[in-house]
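Residue numbers for the sequence shown follow full-length UniProt numbering, beginning at 1 and rising by one.
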Amino acid sequence: YVDFNGDNPITISVNTNAAYKLARKWNLRLQQIACDSPWR
């Protein structure tokens, strides 16, 4: 969960370790949740 105040853009970073020489494939899913949602 990332709380967003509306004043600044959201930045998400994924830090990895360069010591592992693996082919990486990322599947990221972002979803917006309403402010009054019980799932919040």
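No residue lacks a Cβ here, since even glycine has one placed at the ideal position from N, Cα and C.
Query raised in the report: From this set, L30, N15, Q31, which residue's C-alpha is nearest R24's C-alpha?
Result: N15
Query raised in the report: CB I33 to CB W39, shorter than 8 Å?
Result: Yes, Cβ-Cβ distance for I33 and W39 is below 8 Å.
Query - Spatial neighbours of F4 in its chain, beta-carbon cut-off 7 Å, leaving aside the 5 residues before and after - result: I10
**Report entry** Option nearest L28 by Cα separation, candidates K21, I12, N8
**Finding:** I12
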